[in-house]
Amino acid sequence: MMNFDEIQTRGVPVKMWTRHVQVEDEARAQLRKLAELPVVWPHVAAMPDVHYGIGAAVGSVVPTYRAIIPSAVGVDIGCGVACVKTNLRAYQLPDSLAAMRYAIEAMIPHGRTNNGAPGDRGAWSAPPSLIEVEWSQFSSEYEALCETHPHMRALNTISHLGTLGTGNHFIEVCVDETDAVWVMLHSGSRGVGNRIGSYFIELAKNDMRAAHGNLPEDANLAYLSEGTEHFDDYCEAVDWAQRFARTNRTIMMKHAIAAIQA
Numbered sequence: 002m003m004n005f006d007e008i009q010t011r012g013v014p015v016k017m018w019t020r021h022v023q024v025e026d027e028a029r030a031q032l033r034k035l036a037e038l039p040v041v042w043p044h045v046a047a048m049p050d051v052h053y054g055i056g057a058a059v060g061s062v063v064p065t066y067r068a069i070i071p072s073a074v075g076v077d078i079g080c081g082v083a084c085v086k087t088n089l090r091a092y093q094l095p096d097s098l099a100a101m102r103y104a105i106e107a108m109i110p111h112g113r114t115n116n117g118a119p120g121d122r123g124a125w126s127a128p129p130s131l132i133e134v135e136w137s138q139f140s141s142e143y144e145a146l147c148e149t150h151p152h153m154r155a156l157n158t159i160s161h162l163g164t165l166g167t168g169n170h171f172i173e174v175c176v177d178e179t180d181a182v183w184v185m186l187h188s189g190s191r192g193v194g195n196r197i198g199s200y201f202i203e204l205a206k207n208d209m210r211a212a213h214g215n216l217p218e219d220a221n222l223a224y225l226s227e228g229t230e231h232f233d234d235y236c237e238a239v240d241w242a243q244r245f246a247r248t249n250r251t252i253m254m255k256h257a258i259a260a261i262q263a
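So in the numbering used here, spot 177 of the sequence shown is number 178, and the numbers just go up one at a time.
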C-alpha cells in the first residue's frame, strides 16, 4: 500500500507525502508547475512541511535531468541542522536557563538590525581571530567567483561567518531520553549564500530568454542547462556556499557548547 498520494500533471507526477496535512492551494499550483518543466524527472516529491515559496514550493524534492533550477535550490544554500551531545546531564542544568541563554547570545551574533547595514547585531562588527582564520580558507575562492560574476558579491561575508541569522534559524539546548544534554542548531550560508542564490536565479532567467526566447509560466523556475558556462559557475558557487554553511554551523556549535559548559 502506498503511503503517499499522487497528482497527475501534463509532465511527471507529483508524489504527496502529506496525508492528514493541509497543503495550500498556492503550493499545489507550484508543485504542478515544477512537474511540468521538461528537465524534471522522474517525479516531484512533496514532504509534510511543503508550503508556498519563491518559484519552487518549500519542502519539495525536485530531481532534474541535465539542468539545475536555482530557485528550487533556494537562497539559503547549505541550510541545515547540527546536533552535538555534550558531557552534561539533565540534573546539572540550573532551574532557570536564562543565564545559559544570555551566555550563548553573548558569544554568537544573531538577529538583524539596521537592515543588515554596519552595526547589525547579527554580524561581527570586528570578527575575532578564529573567524579570520576560518575565512582565510574561503576568501581566495570567493574572490575568484566574484571576479567572474562581480554582481554576485555580497556585503556580508566574513562578518556573517559564525553567526546565526533570523527566520527559522535557532540554537536549542535539548535533553534526550537518557537525560543527556545536547546542543542543536539550524542555520545556513547567511547573506553571502542568499546573494549567490538570488543572483543565479536572475541569471537563469536571462540565459533562458537568450537560448529559448521565453521563460516557464513562472519565471522563477528558469533553469541552467548542463554544459553551459553558467551551469558550471553555479555548481562551483553552490559548492562554496555549502562549505561556508557547514563551517558556519561548526563555529557556532563550538561557541554554544563553550557557553553552556562555562
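All C-beta atoms, glycine included, are put in the ideal place defined by N, C-alpha and C.
By Cβ distance, which residues of its chain are closer than 8 Å to R33, with the 5 residues on each side in sequence left out?
I8, T10, V15
Can you check DSSP and say which residues form a bridge with H187?
V82, F171
Could you compute how far the alpha carbon of I261 sits from the alpha carbon of I109?
12 Å
From what residue to what residue does the alpha helix (DSSP H) around H231 run?
230–262
Less than 8 Å between the CB atoms is what I'm expecting for A246 and G79, so what's the real figure, rounded?
3 Å
Within 10 angstroms of its Cβ, does L98 collect 16 or more other Cβ (buried), or is it exposed?
exposed
Inter-residue Cα distance where the pair is S160 and V134:
13 Å
Where L38 falls, given that 16 or more other Cβ within 10 Å makes a residue buried
buried
What separation, rounded to the nearest whole angstrom, lies between the Cα atoms of E142 and W241?
8 Å
Is it true that the CB of P71 sits closer than 8 Å to the CB of V41?
no
By the DSSP assignment, the alpha helix (DSSP H) with D26 in it spans what residues?
26–36
Looking at the structure shown, is A118 part of a helix, part of a strand, or coil, going by DSSP?
coil
Residues that DSSP places opposite L225 in a beta bridge
I69
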